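For what it's worth, this note's numbering labels the leading residue of the sequence shown as -13, then goes sequentially.
Here's the structure we're looking at; comments come further down.
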Amino acid sequence: MIPASVRPRQIPASWQQELAEAITRPQELAEALGLPPEALSAGAATSFPLRVPRSFVARMRRGDPEDPLLRQVLPVAEELLEPPGFGADPLQERAAQRAPALLQKYHGRALLIATETCAVHCRYCFRREFPYAAQHGEGERWSEALAAIAADPSLEEIILSGGDPLSLSNARLSALTGSLTQIPHVRRIRVHTRQPVVLPARIDAGLTEWLRSSTVPVVLVLHINHPNEIDAALREACAKMRAAGATLLNQTVLLAGINDEAAVLARLSQELFAAGVLPYYLHALDRVRGAAHFLVPDERARALAGALAARLPGYLVPRLVREFPGAAAKTVLTPITGGR
Ligand SMILES: *Cc1c(COP(=O)(O)O)cnc(C)c1O
Ligand code: SF4
């Protein structure tokens, strides 16, 4: 019998359907990738379960348990390790809370946790333990955040984050940004999202209409870690967002065994540019419990940043940054550049 996951499938009617059909069982993922079930079952006991849309799985190499996209989403036994220095709230985000869903760390911009839902569960996510669920309902959270923003004229830019803000329906998104842009001092909206990457179908007509009709500039900061994530569907989604007036940037998390090689990072920058996206940040891993096996030591990270700078034009070199709680900005880690 052919397993359901490899039978020819109908194209899902909508991104919502594709989201609902995301893979959540390691066994199903193993079947889809032609791997033996035991190859993927080691990390079953986790409170942050597997979740990955099928269009992202389609970009993984079949039969390769070390595939760099697979490793970003597959729960593994190492997550249960608790090395010193890795905690539940490594960035002390609770200290930055201005309202239940509003975080401010930096001058002029604040981050609104628009929703807690994501299309994909990334194993290294630094908000994997943030207690969103313990907070109020979404509507109430938004109105408290909106009131705090309206009361502070220094807040020029609002960053929608989460979770993934593009998990919201177009109607909810428009309602939220409509309220934000009615506040006279809000001059820019930024959206931090991985959804166009893992679910390119999310960039539907309603979303591009939302971008086109925005009364303030919208910056979308995508989250792509490896060049294999960029396929024709993602390039098409990026072209649509650009045509609708959005500025597209990318942030990458530096991950051991996934993208910690200069050649991979260089290819990522080149593929991003070809898709109309500029590299913005390369983040040193935040020390969240469960992600220690992804850590790249600082010296190695700085050497990689130097190697990138030595082979690419400056505008294709992302800034290597680390977040230190209490700092006035993300801190740039100086690249180590060798001679020629
Ligand atoms: C990372 C972050 C930002 C964005 O910082 P930029 O340097 O402007 O990209 C803003 N607010 C919070 C709370 C953040 O964590
Ligand atoms: S999409 Fe972003 S917020 Fe969601 S799990 Fe991945 S890294 Fe975390």
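Note that the Cβ used here is the ideal one computed from N, Cα and C, for glycine as well.
Because the structure is a prediction, the values reported are computed rather than measured.
Using a Cβ-Cβ cutoff of less than 7 Å, which residues in the same chain neighbour H212 once the five nearest sequence positions on both sides are dropped? P54, L55, I244, N245, V250 and L254
Relative to the C-alpha of S153, which candidate in L132, I189 and P51 has its C-alpha closest? I189
With a threshold of 16 other CB atoms inside 10 Å of the CB of S33, please say whether the residue is buried or exposed. exposed
Rounded to a whole number of angstroms, what is the C-alpha to C-alpha distance between V204 and H171? 15 Å
Using only CA atoms, which one of Y92, Y301, V43 and T103 lies nearest to G149? T103
For the beta strand (DSSP E) holding L146, just list the boundary residues, first then last. E143 to S147
Per DSSP, what kind of secondary structure is T238 in: helix, strand or coil? strand
Please state whether the Cβ-Cβ distance between Y266 and P321 is less than 8 Å. no
May I ask you to list the residues that DSSP assigns as paired with T32? Bridge pairing for T32: absent [DSSP].
What do you get for T330, buried or exposed, if any count of 16 or more other CB atoms within 10 angstroms of its CB means buried? Any answer about residue 330 is impossible in this case: the structure gives the chain only from -13 up to 326.
Cβ of L210 within 7 Å of any heavy atom in ligand 1? The residue you asked about is not Leu; residue 210 is Ile in the sequence shown. With a threshold of 7 Å, the Cβ atom of I210 does not count as near ligand 1, since no heavy atom of the ligand is closer than that.
Using 8 Å as the cut-off, can you tell me whether the stretch 259 to 278 makes contact with the stretch 12 to 28, which would need three or more C-beta pairs spanning the two stretches below that distance? Three or more beta-carbon pairs separated by less than 8 Å are not found between the stretch 259 to 278 and the stretch 12 to 28, which leaves the two stretches without contact.
Taking the beta strand (DSSP E) that S99 belongs to, which residues open and close that run? One point to set straight first is that residue 99 is Ile, not Ser, in the sequence displayed. I99 -> beta strand (DSSP E) spans R95 to I99.
Considering only heavy atoms of ligand 2, does any lie closer than 7 Å to the CB of C111? yes
Under the criterion of a Cβ to heavy atom distance below 7 Å, does R287 qualify as lining ligand 1? Checking the displayed sequence, the identity of residue 287 turns out to be Ala instead of Arg. False, no ligand heavy atom lies under 7 Å from that Cβ.
From the DSSP secondary-structure annotation, give me the bridge partner or partners of R305. Y267
Taking DSSP's pairing of strands, which residues face I175 in a bridge? For I175, which the question treats as bridged, DSSP gives the partners I144 and V204.
Between which residues of its own chain and A131 is the CB-CB distance below 7 Å, once the five residues before and five after are set aside? A85, A87, L88 and L98
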